[in-house]
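**Student:** Residue numbers (this note's numbering): 62 to 178.
1) Measure the alpha-carbon distance for residue 92 versus residue 81 and round it to whole angstroms.
2) From this set, 76, 107, 105 and 84, which residue's C-alpha is nearest residue 69's C-alpha?
3) Between residue 134 and residue 121, how many whole angstroms is the CB-CB distance? I'm expecting something under 8 Å.
4) So, at 8 Å on beta carbons, what are the nonlocal neighbours of residue 74 in its own chain, with the 5 sequence-adjacent residues on each side left out?
5) According to DSSP, simplified to helix, strand and coil, what is residue 70?
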């Protein structure tokens, strides 16, 4: 996308009998609206504004199951939900959902997740 530098370190055992590896890294300053080409198609969400200050991640995959942490610092984030059929943000459901999401996003500019799948 030619907007930011990403640094990734991957440790992949060559002779492992199961799918196990580790990766970590970071992403630098980025205009978050550049993600819309992915988010609009996959999630029916549009980023109206926002700047990624930085993001770091550290993930371990053991026997095909990922577990790790992601830390994101951003500013001025505003998102809008879209209708999956029309792509419009104007419907009442989309406006209410967008309002709630923007009101509940983390105002301290830090979003952390610790997820296992």
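Note that CB positions come from ideal geometry on N, CA and C, so glycine has one too.
**Tutor:** Straight from the coordinates:
1) One-based indexing of the chain shown puts residue 92 at position 31. One-based indexing of the chain shown puts residue 81 at position 20. Spanning the two alpha carbons is a distance of roughly 33 Å.
2) Stepping through the chain shown from its first residue, residue 69 is reached at position 8. Here the closest residue by C-alpha is 84.
3) The count along the chain shown starts at 1 and reaches residue 134 at position 73. The count along the chain shown starts at 1 and reaches residue 121 at position 60. Actually they do not touch by this definition, with Cβ atoms about 23 Å apart.
4) Position 13 of the chain shown, counting from 1, holds the residue named residue 74. Closer than 8 Å at the Cβ level, and outside the excluded window around residue 74, lie 81 and 82.
5) Sequence index remark: in the chain shown, residue 70 carries index 9 (1-based). Strand, per DSSP.
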